[in-house]
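Peer 1: Quick one: this structure, given as structure tokens, is what I'll be asking you about.
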Amino acid sequence: MSMRAALLWTCVTLAGSAVAAPARAERLIVSVSNHRVTVTPNYSGEELVLFGSVEKDDNTPVNRGNYDLVVTVSGPRADLVTRRKERKFGIWINTDSRQFIQVPSYLAVFANRPLDAIAPPDVQRRQQLGLNNILLTQRVGSDYADVVATDAFRSAYVRLRTEHGLYREATSAVTFLTPTLFRTGIPLPAEVPIGTYDVEIKLFAAGALVTKTDTAFDIVKVGFEQFVANTARQHGLLYGLFTAFMALMTGWMASVVFRRD
Amino acid sequence: MQLYLPIADIPVNVFLILAMGAAVGFVSGMFGIGGGFLMTPLLIFIGIAPAVAVASVTSHMAASSFSGALTYWRRRAIDPALALLLLSGGIVGTVLGVWFFTVLRTLGQLDLTIALSYVVLLTTVGGLMFWEGLRAILRVRRGVAVPLRRSGSHGWIHGLPLKMRFKRSKIYLSVIPVIFVGLLIGFIGTVMGVGGGFILVPIMIYLLRVPTSTVIGTSMVLTLVTMIFATLLHAVTNHLVDAVLALILMVGGVTGAQFGARAGQKIRGENLRLLLGLLILMVGIRFAIELVVQPGDLFTIRETGGAG
């Protein structure tokens, strides 16, 4: 039964259609510690906590083994270009470049144990588990496609993002407090962009997907930060005039304060 | 003390930014340059997006040059006629620069062109100034009197028609080279994203033979006006001017500029030129090294818009 359910679910996922999910044996209930992270003047990043539990019902096989959990957090999407430098005429210049289309600005993968132990490679690929398997669309000529994880541009892109703390993969970050109760931290460095973050939680058992759910949280500017950002965007000229006036006032003040002659 | 910048979208240390503003302000007050070619790389270094850094630095330079200009004005070290003529050329140059910038961008080698022009301009200008300053100092050491006005050495520039008397600078000069220099500065400044003071000061001293006493104040007026326009342009077109970042830079900058202006008045002209030459040369060499030495990472990432 469980195998068939898993198989059926796999087929549904493969078809990519959003038909009503089949009767599932387990249900995931999750919550993020804060659904609305507010950016204040002293904001310097934050760490959220994701809590959840696996709810079993009558359909759950009694001999069900241990659960595995993979959490994927993806931030607002943007187009990015990765450039490669080469030596030409004795100087290092950008020669080759690859454009990444609508890739997450923040991407974090958390699991309770190494991904290879959770699911076989084909399932990992299909379920986009881990930084190596998540789809990062590139523009290759006139085509749009993802390439193998070992591609020079793709791995350089992931490496650079990881160095900035924007991409991360931690395969021991999810802790099961009881066999069905779990938690994981979501560290958000200060550089993460403003916007909506999607959290996808996938539950595995015996190498197959059992069920999944998703939630989201927002990082928003409030108060003064929001006011400044909105004014700059919506009333550019007024904002510019104000900044210029501020510059003149500051300059004038200084020459008055420091006047000695 | 950490503070979150609303446009740059990152938290920064207020005291670090204040110190950077003060240091660059001191240099700009002392030499009468905007200091953009120093400030922008510093901001990028601490993690601020290049576009935000370039846009916000313009208002910092406006504040610094205004406070400096006021001080020089009281010391009667600004030539209004000269400043006005330079500005009229500068406006035409800015328009031409914006056009050229767009052409370069469509050709696709904008970054390289900017980097190369930085290296060529900074090392040439810096090298020449350093060399000239060194020779002047050596002459003084040897006890050879340096003539204030080398009356016999008028070049072809001083033979051009449409001459006019610049009272404050005590020079008699054709308006053609003045307007042309303004045009050149406006053009280079727009393409390279700098105020252009570091090119204007040496050109005025060596080519136009404007006395050093009025060069710095007059150059500051030009920087002030172009930077006010640049702030407005950046705010209207890119929405990337970070007013909070700009204010911190300004407060540090104007304070530094005041002390810099005073230090500049105390230092002998040739020493000042030697120091400025050395500074420009060093920044130029740094850019050159960046181009020649193999970078630690061959790959770079840049946002191309479309953020959602």
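Sequences listed follow chains A and B, in order.
Using this note's numbering, the first residue of the first sequence is number 956, and each one after it goes up by one.
Using this note's numbering, the first residue of the second sequence is number 94, and each one after it goes up by one.
The beta carbon of each residue, even a glycine, is placed where N, CA and C say it ideally should be.
Computed from a predicted model, the values in this text were never measured in an experiment.
1) Tell me, which residues are paired with A:I1048 by DSSP?
2) Please report whether the beta-carbon of A:L1115 lies at a distance below 9 Å from any beta-carbon of chain B.
3) Can you give me the start and stop residues for the alpha helix (DSSP H) that B:L391 sits inside?
4) Would you say A:S986 faces chain B, with C-beta separation under 9 Å as the test?
5) Suppose you measure from the CA of B:G182 to the CA of B:V213; what does that come to, to the nearest Å?
6) Taking the C-alpha atoms as reference points, what is the distance between A:D1071 and A:T1105?
7) Shorter than 9 Å from the beta carbon of B:S244 to some beta carbon of chain A?
8) Nearest-angstrom Cα distance between A:L962 and A:Q1057?
9) Strictly below 7 Å CB to CB, what residues from chain B border A:L1059?
10) Have a look at A:T1117 and B:G226 and give me their C-alpha separation to the nearest angstrom.
11) Sort B:V188, B:G128, B:L317 by Cα distance to B:L276 and report the nearest one.
12) Label A:E1180 either buried or exposed according to how many other C-beta atoms from any shown protein chain fall within 10 Å of its C-beta, with 16 as the threshold for buried.
13) Along the beta strand (DSSP E) that carries A:A1100, what are the first and last residues, could you check?
14) For B:F380, does the count of other Cβ atoms within 10 angstroms reach 16, so buried, or fall short, so exposed?
15) For B:G357, which of B:M297, B:I309, B:L136 has the nearest alpha-carbon?
16) Can you grab the Cα-Cα spacing for the pair A:A970 / A:V1078, in whole Å?
17) At 9 Å on the CB atoms, spell out the chain E contacts of B:S160, in chain order.
18) Of the choices B:A339, B:A354, B:T324, B:L209, whose alpha-carbon is the least far from that of B:M123?
19) Who are the neighbours of B:L96 on chain A, taking C-beta pairs under 8 Å?
20) For the beta strand (DSSP E) that A:A1171 lies in, which residues bound it at each end?
21) Would you kindly report the start and end of the unbroken beta strand (DSSP E) that includes A:N989?
22) Is there a C-beta anywhere in chain B that falls below 9 Å from the one on A:A976?
23) Indicate the three-state DSSP secondary structure (helix, strand or coil) for A:T1126 in the structure shown.
24) Establish whether the CB of B:G353 and some CB of chain A are separated by less than 9 Å.
25) Which two residues bound the contiguous alpha helix (DSSP H) that contains A:F1213?
26) Quick one: which residues of the segment 1190-1202 of chain A get their C-beta closer than 8 Å to a C-beta of chain B? List them in chain order.
27) Taking a Cβ distance cut-off of 7 Å, strictly less, list which residues of the segment 138-156 of chain B are near chain A, in chain order.
28) Per DSSP, what kind of secondary structure is B:Y265 in: helix, strand or coil?
29) Can you grab the Cα-Cα spacing for the pair B:I110 / B:T217, in whole Å?
30) Tell me where the alpha helix (DSSP H) around B:T151 begins and ends.
31) A:L1143 CB to nearest chain B CB: under 9 Å?
32) Excluding the five sequence neighbours on either side, which residues of its own chain have a C-beta within less than 6 Å of the C-beta of A:A1128, listed in chain order?
33) Where does A:G1150 fall in DSSP's three states?
34) Apart from the five residues on each side of it in sequence, which residues of its chain come closer than 7 Å, Cβ to Cβ, to B:V314?
35) Could you confirm whether any beta carbon from chain B is found closer than 9 Å to the beta carbon of A:T1027?
36) Note down, in chain order, every chain A residue with its Cβ under 9 Å from the Cβ of B:E225.
Peer 2: In this structure, then:
1) Under the DSSP definition of a beta bridge, A:I1048 partners with A:E1041.
2) yes
3) It is not in any alpha helix (DSSP H) - B:L391 carries neither H nor E in the DSSP assignment.
4) no
5) 23 Å
6) So the alpha carbons of these two residues sit roughly 17 Å apart.
7) With a pLDDT of 46 at B:S244, under the threshold of 50, the modelled position of that residue is not reliable, and no figure is offered here.
8) Model confidence at A:L962 stands at a pLDDT of 49, short of 50, so the residue's coordinates are unreliable; what they give is reported in the following sentence. Each residue's alpha carbon lies about 31 Å from the other.
9) Reading off the sequence, residue 1059 of chain A comes out as Pro, not Leu. Residues of chain B passing the Cβ test: none, with the nearest at roughly 10 Å.
10) 48 Å
11) B:V188
12) buried
13) 1098-1100
14) buried
15) B:I309
16) Summary for A:A970: the model assigns pLDDT 44, below 50, so the residue's position carries little reliability, and this model does not support an answer.
17) Note that chain E does not occur in the displayed structure, where the protein chains are A and B.
18) Comparing Cα positions, the closest option is B:A354.
19) In chain order: P996, N997.
20) 1163-1176
21) Element bounds for A:N989: n/a, residue is neither H nor E.
22) Note that A:A976 has pLDDT 45, beneath the 50 cutoff, so the model's placement of it is unreliable and the number below is only indicative. No, no contact with chain B.
23) coil
24) no
25) No alpha helix (DSSP H) contains A:F1213, which DSSP labels as neither H nor E.
26) G1191, L1192, Y1194, G1195, L1196, F1197, T1198, A1199, M1201, A1202
27) S152, A155, A156
28) Correct three-state label for B:Y265: strand.
29) 30 Å
30) 143-167
31) Taking Cβ atoms only, chain B never reaches closer than 9 Å to A:L1143, which makes this a no.
32) F1065, T1139
33) Strand.
34) A162, I171, A176
35) no
36) Chain A residues near B:E225: none, gap ~28 Å exceeds 9 Å.
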